[in-house]
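2 protein chains.
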Amino acid sequence: MQESPILFGCMGPCLGAGWGLGWPLQVGEEGTAWARLEHPGRSFIPAWLPRSAPFPVPAPRGCHPNLVPTGPPLSWRAMEGDSTLQLHVFDLNCWAIRYLSKRRQERVRLIGDVLRQERFDLVLLQEVWSEQDYSELKAKLGGCYPFSHYFRSGVIGSGLCVFSRFTILDTLLYQYSLNGYPYMLQHGDWFCGKSVGLVIIKISGIIFNVYVTHLHAEYCREKDAYLPHRLVQAWELAQFIRHTSKAADVVLLGGDLNMHPEDVGIRLLRGWTGLQDAFAEAKHFEGCKDGCTLIPNNCFTIKTELLPFPLGIRIDYILYKAISSFMVKCEELKTTTGSAPGRDIPFSDHEAVMATLHIRRHRGAASATLSTAVPALVDVVTEARTEVGVGLRAAQRQRYSTGRLAVLALLLLLLQAAAVLGTLAGLGGQPFPKLSFSLLAFLAVGILLLATGLHLFHTIEVKMLQGTEEQMRMALRVLQERASDG
Amino acid sequence: MQESPILFGCMGPCLGAGWGLGWPLQVGEEGTAWARLEHPGRSFIPAWLPRSAPFPVPAPRGCHPNLVPTGPPLSWRAMEGDSTLQLHVFDLNCWAIRYLSKRRQERVRLIGDVLRQERFDLVLLQEVWSEQDYSELKAKLGGCYPFSHYFRSGVIGSGLCVFSRFTILDTLLYQYSLNGYPYMLQHGDWFCGKSVGLVIIKISGIIFNVYVTHLHAEYCREKDAYLPHRLVQAWELAQFIRHTSKAADVVLLGGDLNMHPEDVGIRLLRGWTGLQDAFAEAKHFEGCKDGCTLIPNNCFTIKTELLPFPLGIRIDYILYKAISSFMVKCEELKTTTGSAPGRDIPFSDHEAVMATLHIRRHRGAASATLSTAVPALVDVVTEARTEVGVGLRAAQRQRYSTGRLAVLALLLLLLQAAAVLGTLAGLGGQPFPKLSFSLLAFLAVGILLLATGLHLFHTIEVKMLQGTEEQMRMALRVLQERASDG
Chain G
9 MQESPILFGC MGPCLGAGWG LGWPLQVGEE GTAWARLEHP GRSFIPAWLP RSAPFPVPAP
69 RGCHPNLVPT GPPLSWRAME GDSTLQLHVF DLNCWAIRYL SKRRQERVRL IGDVLRQERF
129 DLVLLQEVWS EQDYSELKAK LGGCYPFSHY FRSGVIGSGL CVFSRFTILD TLLYQYSLNG
189 YPYMLQHGDW FCGKSVGLVI IKISGIIFNV YVTHLHAEYC REKDAYLPHR LVQAWELAQF
249 IRHTSKAADV VLLGGDLNMH PEDVGIRLLR GWTGLQDAFA EAKHFEGCKD GCTLIPNNCF
309 TIKTELLPFP LGIRIDYILY KAISSFMVKC EELKTTTGSA PGRDIPFSDH EAVMATLHIR
369 RHRGAASATL STAVPALVDV VTEARTEVGV GLRAAQRQRY STGRLAVLAL LLLLLQAAAV
429 LGTLAGLGGQ PFPKLSFSLL AFLAVGILLL ATGLHLFHTI EVKMLQGTEE QMRMALRVLQ
489 ERASDG
Chain F
9 MQESPILFGC MGPCLGAGWG LGWPLQVGEE GTAWARLEHP GRSFIPAWLP RSAPFPVPAP
69 RGCHPNLVPT GPPLSWRAME GDSTLQLHVF DLNCWAIRYL SKRRQERVRL IGDVLRQERF
129 DLVLLQEVWS EQDYSELKAK LGGCYPFSHY FRSGVIGSGL CVFSRFTILD TLLYQYSLNG
189 YPYMLQHGDW FCGKSVGLVI IKISGIIFNV YVTHLHAEYC REKDAYLPHR LVQAWELAQF
249 IRHTSKAADV VLLGGDLNMH PEDVGIRLLR GWTGLQDAFA EAKHFEGCKD GCTLIPNNCF
309 TIKTELLPFP LGIRIDYILY KAISSFMVKC EELKTTTGSA PGRDIPFSDH EAVMATLHIR
369 RHRGAASATL STAVPALVDV VTEARTEVGV GLRAAQRQRY STGRLAVLAL LLLLLQAAAV
429 LGTLAGLGGQ PFPKLSFSLL AFLAVGILLL ATGLHLFHTI EVKMLQGTEE QMRMALRVLQ
489 ERASDG
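Chains G and F are the protein sequences, given in the same order. The numbering of the first sequence is the working numbering, which starts it at 9 and goes up by one. The numbering of the second sequence is the working numbering, which starts it at 9 and goes up by one.
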């Protein structure tokens, strides 16, 4: 990939007139640029914003680098059709689990090298579990990506981080309320504090809400015990995006969603937020067939898991939408194809997704928030709600059985205590053998603690599933009202 | 308190012309009303919105009930100064802990009776821990408050709920990342899943983001071990409000913040969000001196805890701000004074806070987001960050000591295992007494499990405190840049 400067104006043949009608730029002696922008009715975008990135912006290809537009400041309306912002986004699940992931350090070094060389505008990474790996990347990438953020959460962390060429104005983390089971140690998702991270970035006066996330893994597609949890996460992700992005101009989401494109969770997320899939929308695509990001060709993937999918599966996404009067198009989408560009080792067990997005002022009214038609959305929310209901009933059963086990263990302990008291008072007959007795007590205490802990856990699970189901019911009511209104 | 209808227009002398220039209303045969509203630049408020509340709106006092405005639709600009929305808000920490709170059921019934009688527009309740209490309130209040939401979270719940006369369009829950310690059973905050709940309500086309919350209690003011956690909560609350309220017209926050008005957490919350304190801003105040909400006169408060504060303390708040081109004023603030109105028993151990807010279109530009001057805000964030840093170092010490304890317990277990193996292999001398040996093993396993659990807990605590400290550092950088920009 070539070095990819942000281009202002001049997406077509570059003419002086094009500049005059495009983003009015003042290119200084050293090539630094300021973009003037008038944005009616929005208080947070002042006129004459200095570009935040501290490095000079190269002049557009084919344009004279000292070209300075003149004339009075132009409003956005006059610029329509002539100004396009080009943004290169990189997304990767890095699979950097300390002591477990193969050739981790070598791969993290490789990721850093390639990112430094290719110069994307935004880099969204998942599964950077070790803060040391993040620090190494940060030290290496400081020159090209002066802004970065690592999202801390849970015991191990969220694994999420963002590197940016543009000032990060603010961040927020939302931890999903459900994320698997603490006793499923072999899967370990519960310990990771799976979350969605939001960073707010302003590029030439356009507010970007950039979300990075990683949802619960799918370990068995046929009998997916984690589906309700992943659906709760997809719902919370959608709700978080909807509620936090209302003042944004452009929304970007990158991450490992652990869902196939046609899964109910993806349909729910896309339908409820109006996000578009960069793969489906891309004008040009280059990479693995069907945009797959977990492929048998990658030497780190577990081949047996991909047997039902000879081409692989697509679970890593770049999604986007414009909220206010902007338009986003995916000009190009690429994936790696089993190895890092020009190397014989992959970045990770996942393929990287790289999108080139074009952002421009929209001529008509603001784009609609929901892309999916209301009846279709009602169907998707209903389907998701049914699955959450299935999970709820399973959680209620588990809460009941762990509660019953805790009560039984407590009864056993009380019986033992009564026997001890009886023996001490000289009421009983022959005392129990001490070792067996204390081992039994040990076992009863262990079961009591474990069952109580699990009971509390499943109580929380029930509450969160109920809460999500209720939110979905409210959403259905609002959608149905909207449908009946016309 | 009198029945409090929402008034449209006519806050001053009511004239026909006033209506023409006020909110253009169509009052139907049965008194139902539609408010026409044009709101430039906002896509989510359509013209000719039907009022969402399913009950008829009484005509303004002194106006003829069948007055129908005529003429062409008027823009907001023409209406300035003539239209005021009056909103009655009720906030109470209900202290409804099952099996623990005194006369709980009687008080919950009383709260329901008074709320039904007084007819507020919005009711924000905390510490409704039992879902059954919520259901009873919901059944009783369904007639006057047709919309309500109970926020589920944590083992016990969040205790938060909202009753509203107006349609609740959407909800979102944000659970605080830190909330005390699981081993502080006598305090129990950890089990409560303390959160902030958001409900979105539209009244006559004005979008209200209503937040209800309850922060960690303060058990010892002199040596407040929970201060860093409460500050993290105050910060997360402020961030959540800032990020989710950008499309709102009016923001309301009600809740038990467990902080005195001059505490750093309150200053941080108010400074960082721009929220105003209804007590400080109220034109008329009636209630406990200094607006106290935990007073010695209340028969349920623990008198010894209030000894240093003979008047009581103020920890329950109604805060507000207008975001877009609206203005909010607190016309009147009231608190109960140790007993429910006209009864000899208080609602709770807290006093209720009741505010009458006036919302009107603002003449000038949109109100500023931050009310506090930047240098003062820098000081507050720095002060809060220092306190979070103190908490961070304490958490790091606890993480280290619990980790060391876990390692020691593991070593003891390994030694015991070696001794057993040695005895079995016939290498050892005299075997240990079986009972002491198994009790020691029991103890070691117990300590290992407990210390490991605590170590994991303090690891999470460290991560969240670090994350908050870093967010605050980023906020300081942005503020300092803003200050240097002038």
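The beta carbon of each residue, even a glycine, is placed where N, CA and C say it ideally should be.
Check: Element boundaries [alpha helix (DSSP H), containing residue 272 of chain F]; Outcome: 272–281
Check: is_contact[residue 478 of chain G, chain F] using C-beta, thresh 9 Å; Outcome: yes
Check: Beta-carbon neighbours of residue 431 of chain G, restricted to chain F and to distances below 7 Å; Outcome: Here the premise fails: no neighbours, minimum Cβ distance about 14 Å.
Check: Terminal residues of the beta strand (DSSP E) in which residue 293 of chain F lies; Outcome: 292–294
Check: Minimum Cβ-Cβ distance from residue 257 of chain F to chain G less than 9 Å; Outcome: no
Check: CA-to-CA distance, residue 246 of chain G to residue 384 of chain F, given in whole angstroms; Outcome: 36 Å
Check: Members of the stretch 176–193 of chain F that neighbour chain G once the beta carbon cut-off is set at 8 Å; Outcome: 176, 177, 178, 179, 180, 181, 182, 183 and 185
Check: Burial state of residue 8 of chain F (16 or more Cβ within 10 Å); Outcome: In the structure as shown, chain F starts at 9 and stops at 494, and residue 8 of chain F therefore has no counterpart that could be examined.
Check: Cβ neighbours of residue 207 of chain F in the same chain (closer than 6 Å, five flanking residues each side left out); Outcome: 157, 170, 176, 179 and 218
Check: Contact the stretch 446–462 of chain G vs the stretch 408–415 of chain G: 3+ CB pairs below 8 Å; Outcome: yes
Check: Beta-carbon proximity list for residue 254 of chain G, same chain, < 8 Å, skipping 5 on both sides; Outcome: 331
Check: Simplified DSSP state of residue 249 of chain G, which is helix, strand or coil; Outcome: helix
Check: For residue 339 of chain G, three-class secondary structure by DSSP; Outcome: strand
Check: Residues of the stretch 447–471 of chain F whose Cβ lies closer than 7 Å to any Cβ of chain G, in chain order; Outcome: 447, 450, 464, 467, 468 and 471
Check: Whole-number beta carbon distance between residue 243 of chain F and residue 482 of chain F, since they are thought to touch under 8 Å; Outcome: Rounded, the Cβ-Cβ distance is 12 Å, inconsistent with contact.
Check: Chain-ordered chain F contacts of residue 475 of chain G [CB-CB under 8 Å]; Outcome: 159, 160, 161 and 181
Check: C-alpha gap between residue 211 of chain F and residue 334 of chain F, whole angstroms; Outcome: 13 Å
Check: Proximity below 9 Å, CB of residue 166 of chain G to CB of residue 155 of chain G; Outcome: no
Check: In chain order, each alpha helix (DSSP H) run of at least 4 residues that lies wholly inside the stretch 104–157 of chain G; Outcome: 112–126 and 139–149
Check: Test: residue 336 of chain F CB closer than 9 Å to a CB of chain G; Outcome: no
Check: Where residue 363 of chain F sits in the DSSP three-state scheme; Outcome: strand
Check: With 16 other Cβ atoms within 10 Å as the buried cut-off, status of residue 419 of chain G; Outcome: exposed
Check: The stretch 117–146 of chain F: positions lying closer than 8 Å to chain G by Cβ; Outcome: none
Check: Element boundaries [beta strand (DSSP E), containing residue 179 of chain G]; Outcome: 176–183
Check: N-terminal and C-terminal residue of the beta strand (DSSP E) that residue 263 of chain G is part of; Outcome: 258–264
Check: Within-9 Å CB hit, residue 403 of chain G to chain F; Outcome: no
Check: Under the three-state DSSP convention, the category residue 17 of chain G falls into; Outcome: Note on residue 17 of chain G: pLDDT 35, under 50, position unreliable in the model; the coordinate value appears next. Three-state DSSP puts residue 17 of chain G in coil, outside helix and strand.
Check: CB contact check: residue 247 of chain G to chain F, cutoff 9 Å; Outcome: yes
Check: Assigned exposure category for residue 133 of chain F - 16 Cβ within 10 Å defines buried; Outcome: buried
Check: Interface partners of residue 254 of chain G on chain F, CB under 7 Å; Outcome: 254 and 255
Check: Rounded C-alpha distance that separates residue 163 of chain G from residue 196 of chain G; Outcome: 11 Å
Check: Residue 74 of chain G versus residue 92 of chain G: straight-line alpha-carbon distance, rounded; Outcome: Interpretation of residue 74 of chain G is limited by its pLDDT of 28, a score under 50 that renders its predicted location unreliable; the figure taken from the coordinates is listed afterwards. Those two C-alpha atoms are separated by around 20 Å.
Check: Cβ distance (whole Å) where residue 223 of chain G is taken to contact residue 265 of chain G below 8 Å; Outcome: 5 Å
Check: Nearest residue (CA-CA) to residue 302 of chain F, options F:213, F:337 and F:102; Outcome: F:102
Check: Nearest-angstrom Cα separation, counted from residue 382 of chain F out to residue 489 of chain F; Outcome: 10 Å
Check: Three-way DSSP call (helix, strand, coil) for residue 62 of chain F in this model; Outcome: With a pLDDT of only 32 at residue 62 of chain F, under the threshold of 50, the placement of this residue in the model should not be trusted; the figure read from the coordinates follows. Three-state result, residue 62 of chain F: coil.
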